[in-house]
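**Q** Could you have a look at this structure, given as structure tokens, before my questions?
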Amino acid sequence: MWGGAHRPSGWIKVNTNGAAKGKPGMAGAGGLIRDDFGRWLGGFSQNIGITTSIAAELWAVKMGLELAWDLGVTKLILEVDFEVVCHFLRSNHNDVGGNKALLRDIRALLLHEWLIVPEHVYCESNMCADWLANHALLLPLGAYRLANCPRELDLVLFGDVAGSTVSYLFIA
1 MWGGAHRPSG WIKVNTNGAA KGKPGMAGAG GLIRDDFGRW LGGFSQNIGI
51 TTSIAAELWA VKMGLELAWD LGVTKLILEV DFEVVCHFLR SNHNDVGGNK
101 ALLRDIRALL LHEWLIVPEH VYCESNMCAD WLANHALLLP LGAYRLANCP
151 RELDLVLFGD VAGSTVSYLF IA
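Going letter by letter, the sequence shown gives residues 1 to 172 in UniProt numbering.
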């Protein structure tokens, strides 16, 4: 179960999110991978530096796909809360404001031998990924994979698995 919605056995879910504090501004990407019962399989936070919100979202998708592939996932639900990014993933549209190389990398990942279903979700359903993206801003530049769920995220993760919204205060 994820957020009250059941997926068939064997499907894995990755939630990704980008956060930019300006246009452009300091930006982070974050995400997590869970099994069909909502259990943490892995996560990531990446301090990107200064970029736009759409670039941060695309970086998050790329990192989420890379982590899922490295974990051996073959059936993946990819949830993002930026509808424009979902549109890019489902189409051949390339007008991404200077992010063509990043989108090309993502599309190459989509061509791997796996099943991927990109879905748009509301921000309230993506709180864990949002937390990880904002957490990235506290880290030195670079990408960090997380084998275990950060303790500060436990309550938000529990609420998401239970299908309820849990608010959090993030102080950067």
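From the three backbone atoms N, C-alpha and C, an ideal C-beta is built for every residue, glycine too.
#1: Is it buried or exposed for arginine 39, if we count other Cβ within 10 angstroms and need 16 for buried?
#2: Where do the ends of the beta strand (DSSP E) carrying residue 239 lie?
#3: Around the C-beta of glycine 3, are 16 or more other C-beta atoms found within 10 angstroms, so that it is buried, or is it exposed?
#4: Curious, which full-length alpha helix (DSSP H) runs of at least 4 residues does the stretch 81 to 109 contain?
#5: Based on DSSP bridge pairs, tell me the residues matched to alanine 55.
#6: Exposed or buried, which one is glycine 22 when buried takes at least 16 other CB atoms within 10 Å?
#7: DSSP has arginine 151 in a bridge; who is on the other side?
#8: Between the alpha carbons of alanine 55 and serine 9, how many angstroms are there, rounded?
#9: Decide if cysteine 123 is buried, meaning its Cβ has at least 16 other Cβ atoms within 10 Å, or exposed.
#10: Are the beta-carbon atoms of asparagine 126 and asparagine 15 separated by less than 8 Å?
#11: For my contact list, valine 84 and leucine 58 are in at a C-beta cut-off of 8 Å; report their separation, rounded to the angstrom.
#12: Cutting at 6 Å between CB atoms, please list the residues of its own chain near valine 117, excluding the five before and the five after it.
#13: Between which residues of its own chain and leucine 110 is the CB-CB distance below 8 Å, once the five residues before and five after are set aside?
#14: Asparagine 17 to glutamate 113, Cα distance in whole Å?
#15: What number of angstroms, rounded off, separates the C-alpha of glycine 72 from the C-alpha of alanine 147?
#16: Closer than 6 Å by C-beta to phenylalanine 37: which residues in its own chain qualify, once you throw out the five before and the five after it? Chain order, please.
#17: Give every residue of the same chain whose Cβ lies closer than 6 Å to the Cβ of residue 174, excluding the five residues on either side of it in the sequence, and list them in chain order.
**A** Short version:
#1: On the sequence shown, position 39 is the one that residue 39 refers to. With fewer than 16 Cβ atoms within 10 Å of its Cβ, arginine 39 is classed as exposed.
#2: One cannot answer for residue 239 here, as it falls past the ends of the chain, which runs 1 to 172.
#3: By one-based count along the sequence shown, residue 3 stands at place 3. Confidence at glycine 3 is low in this model, with a pLDDT of 48, below 50, so the placement of that residue should be treated as unreliable; the coordinate-derived value is given next. Burial call: buried.
#4: 83 to 90
#5: Taking the first residue of the sequence shown as position 1, residue 55 is located at position 55. Bridge partners of alanine 55: none, in fact.
#6: What you label residue 22 is simply residue 22 of the sequence shown in a count that begins at 1. Classification of glycine 22: exposed, given that the 10 Å Cβ count is below 16.
#7: Position 151 of the sequence shown holds residue 151. Paired residues: none, contrary to the question.
#8: As a first step, residue 55 is located in the sequence shown; it is residue number 55 there, counting from the start. As a first step, residue 9 is located in the sequence shown; it is residue number 9 there, counting from the start. If you take the alpha carbons of alanine 55 and serine 9, they lie about 33 Å apart.
#9: Within the sequence shown, numbered from 1, the residue matching residue 123 stands at position 123. Flag for cysteine 123 reads exposed.
#10: Counting from 1 along the sequence shown, the entry for residue 126 is found at position 126. Counting from 1 along the sequence shown, the entry for residue 15 is found at position 15. It is a contact, given that the beta carbons lie within the stated cut-off.
#11: On the sequence shown, position 84 is the one that residue 84 refers to. On the sequence shown, position 58 is the one that residue 58 refers to. Wrong, their Cβ atoms sit about 10 Å apart, outside the cutoff.
#12: By 1-based counting over the sequence shown, the position of residue 117 is 117. Around valine 117: Ile77.
#13: Locating residue 110 in the sequence shown gives position 110, counting from the first residue. Result list for leucine 110: Leu65, Leu89 and Ile116, in chain order.
#14: Position 17 of the sequence shown, counted from the first residue, corresponds to residue 17. Position 113 of the sequence shown, counted from the first residue, corresponds to residue 113. For asparagine 17 and glutamate 113, the distance between alpha carbons rounds to 24 Å.
#15: For this step, residue 72 is matched to residue 72 along the sequence shown. For this step, residue 147 is matched to residue 147 along the sequence shown. Spanning the two alpha carbons is a distance of roughly 15 Å.
#16: In the sequence shown, counting from the first residue as 1, residue 37 sits at position 37. Excluding sequence neighbours, phenylalanine 37 sits near nothing in its chain.
#17: No information on residue 174 is available, as it lies outside the stretch 1 to 172 that the chain covers here.
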